[in-house]
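K.L.:
This is the structure I want to talk about, given as structure tokens.
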Amino acid sequence: MDSKKFHILSFKYAFAGLVDALKEEPNLKFHFLAGLLVILLSFILRFTRQDWITIIILIGLVISVELTNTAIEAVVDQFVEKNHPGAKLAKDISAGAVLVAAATAAIAGVLVFLPYIFNG
114 MDSKKFHILS FKYAFAGLVD ALKEEPNLKF HFLAGLLVIL LSFILRFTRQ DWITIIILIG
174 LVISVELTNT AIEAVVDQFV EKNHPGAKLA KDISAGAVLV AAATAAIAGV LVFLPYIFNG
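Counting from 1, position 93 in the sequence shown corresponds to residue 206 in the numbering used here; the numbering is continuous, with no gaps.
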């Protein structure tokens, strides 16, 4: 397979994975919709370029970590016994990573949004 076809197929599979995850994972839907809301509010408040960069990086971080968590859970559920302590540990750590990313994004988001809200 030539390089161009390989890259096209890779993009196709990646997009399909994103669509599948959005259809199946309520937490990913929540983070995705929250990200869209933040983007809409950022337009309304006329964010600076630096604030846009911050917000886009944080939204991408949270969605990426949520996708990784979803993939880890899918593999663990498929190949590891249901009550295996290692499976629980892997899933809990993965969920913890989402919590850290989301909390970081929320705190940074508040710091970015506050001046726009209170200073007009």
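Beta carbons: idealized from backbone N, C-alpha and C, even for Gly. Computed from a predicted model, the values in this text were never measured in an experiment.
Between residue 155 and residue 197, what straight-line distance do the alpha-carbon atoms span, to the nearest angstrom?
P.N.:
Whole-angstrom Cα-Cα distance: 44 Å.
K.L.:
Using the C-alpha atoms, what's the distance from residue 204 back to residue 137?
P.N.:
When rounded, the distance between both Cα atoms is 17 Å.
K.L.:
Hey, residue 144 and residue 176: beta-carbon distance below 7 Å or not?
P.N.:
Yes. Within cutoff.
K.L.:
Given that a residue counts as buried once 16 or more other Cβ atoms are within 10 Å of its Cβ, and exposed if not, what is residue 182?
P.N.:
With 16 or more other Cβ atoms within 10 Å, it is buried.
K.L.:
Straight-line CA distance for residue 85 to residue 217?
P.N.:
For residue 85 there is no data in the structure shown, the boundaries of the chain being 114 and 233.
K.L.:
If the criterion is Cβ atoms closer than 7 Å, does the pair residue 230 and residue 207 meet it?
P.N.:
It is not a contact, given that the beta carbons lie outside the stated cut-off.
K.L.:
Please return the same chain residues whose Cβ sits closer than 8 Å to the Cβ of residue 168, not counting the five positions on each side in sequence.
P.N.:
Here the set comprises 151, 152, 155, 160, 222 and 225.
K.L.:
For residue 158, does the three-state DSSP call read helix, strand or coil?
P.N.:
If DSSP states are grouped into helix, strand and coil, residue 158 belongs with coil.
K.L.:
Going by CA-CA distance only, name the one from 220, 134, 140 and 142 that's closest to residue 171.
P.N.:
The shortest Cα separation from residue 171 among 220, 134, 140 and 142 belongs to 220.
K.L.:
Residue 194 and residue 141 - do their beta-carbons sit closer together than 7 Å?
P.N.:
In this structure, residue 194 does not lie closer than 7 Å to residue 141 by Cβ.
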